[in-house]
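Engineer:
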Amino acid sequence: MPLFGKSHKSPGEIVRNLREALLLIEKGQDRKSEKAVEEVNRWLQASKSIIYGQDNQEPNTEQISQLVQEIYNASVLPLLIRQLTKLDFESKKDVALIFNNLLRRQIGTRSPTVEYLCARPEILMTLVRGYEVSEIALTCGTMLRECIRHEHLAKIIL
Numbered sequence: 005m006p007l008f009g010k011s012h013k014s015p016g017e018i019v020r021n022l023r024e025a026l027l028l029i030e031k032g033q034d035r036k037s038e039k040a041v042e043e044v045n046r047w048l049q050a051s052k053s054i055i056y057g058q059d060n061q062e063p064n065t066e067q068i069s070q071l072v073q074e075i076y077n078a079s080v081l082p083l084l085i086r087q088l089t090k091l092d093f094e095s096k097k098d099v100a101l102i103f104n105n106l107l108r109r110q111i112g113t114r115s116p117t118v119e120y121l122c123a124r125p126e127i128l129m130t131l132v133r134g135y136e137v138s139e140i141a142l143t144c145g146t147m148l149r150e151c152i153r154h155e156h157l158a159k160i161i162l
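In my numbering, the protein residues as written are 5 to 162.
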């Protein structure tokens, strides 16, 4: 039983809730949008704890794989990048951290996130356009810098 009533959500639930909150932000209804930004922050924290581990525990590779697969299947990356301007500072940092971690992730010789982004160049173009917006330029720059380390992504960007 988790301490203080904190329940541990499955990667599928985390991604589903994150997607729902991002869609609420995209709709742009003021009151719901504010609450949704808080929810996005919460679900990004949950995602981060799966990817990096928590409380001196090593991350569970099976949970990471499940989380990443859910992120791809639910098309959460494009949503996160499109809504960057509406997120708070900490959430923007978390998005960059998670994005860059996913990019570095390899399964054997494959880089699944690189393949995912190659199949969806519009995500990279959104990052490039985001670099022109002052409040997200640093975050987009961090993600773009990680992208250009991969030859296939660098070709798309250039």
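We treat Cβ as the ideally placed atom computed from N, Cα and C, and that holds for glycine. Predicted model only: the values in this text are computed from it and were never measured.
In terms of alpha-carbon separation, which member of Ser138, Leu128, Lys13 lies closest to Ile160?
Structural biologist: Comparing Cα positions, the closest option is Leu128.
Engineer: State the Cα-Cα distance for the pair Val41 and Ser115, rounded to the nearest angstrom.
Structural biologist: Val41 and Ser115: Cα-Cα distance of roughly 30 Å.
Engineer: Taking Cβ to Cβ, would you say Ile55 is nearer than 8 Å to Gly134?
Structural biologist: Result no, Cβ atoms of Ile55 and Gly134 do not sit closer than 8 Å.
Engineer: Whose C-beta lies closer than 7 Å to the C-beta of Ile152 among residues of the same chain, with five residues either side of it excluded?
Structural biologist: Excluding sequence neighbours, Ile152 sits near Ala158, Ile161.
Engineer: Nearest-angstrom Cα distance between Leu121 and Pro63?
Structural biologist: Looking at the two C-alpha atoms, the distance is approximately 24 Å.
Engineer: Give every residue of the same chain whose Cβ lies closer than 7 Å to the Cβ of Thr117, excluding the five residues on either side of it in the sequence, and list them in chain order.
Structural biologist: Hits under 7 Å: Leu106, Leu107, Arg109.
Engineer: Could you tell me whether the segment 44–53 touches the segment 87–105, where touching means 3 or more Cβ pairs closer than 8 Å?
Structural biologist: Flag = yes, the segment 44–53 and the segment 87–105 touch.
Engineer: Look up Ile111 in the DSSP assignment and give the residues it is bridged to.
Structural biologist: Arg114.
Engineer: First and last residue of the alpha helix (DSSP H) that includes Asn21?
Structural biologist: That run of the alpha helix (DSSP H) goes 15–31.
Engineer: Measure how close the beta-carbons of Ser53 and Ile102 come, nearest whole angstrom, since I'm counting them as under 8 Å.
Structural biologist: Contact flag wrong, Cβ pair sits at about 11 Å.
Engineer: Given Gly57, which residues of its chain have a CB within under 6 Å of its CB, disregarding the five upstream and five downstream residues?
Structural biologist: Taken in chain order, the residues that qualify are Pro63.
Engineer: Assuming His156 is part of the alpha helix (DSSP H), what are its boundary residues?
Structural biologist: First-last of the alpha helix (DSSP H) with His156: 155–161.
Engineer: How would you write the range of the alpha helix (DSSP H) that Arg149 sits in, first residue to last?
Structural biologist: Looking at the DSSP string, the run of the alpha helix (DSSP H) that includes Arg149 is 141–151.
Engineer: DSSP three-state label for Glu124, please.
Structural biologist: In the sequence as presented, Glu is not what sits at residue 124; that position holds Arg. Residue state, collapsed to three classes: coil.
Engineer: Thr65 lies in the alpha helix (DSSP H); which residues open and close that run?
Structural biologist: It spans 65–77 - the alpha helix (DSSP H) in which Thr65 sits, taken as one unbroken run.
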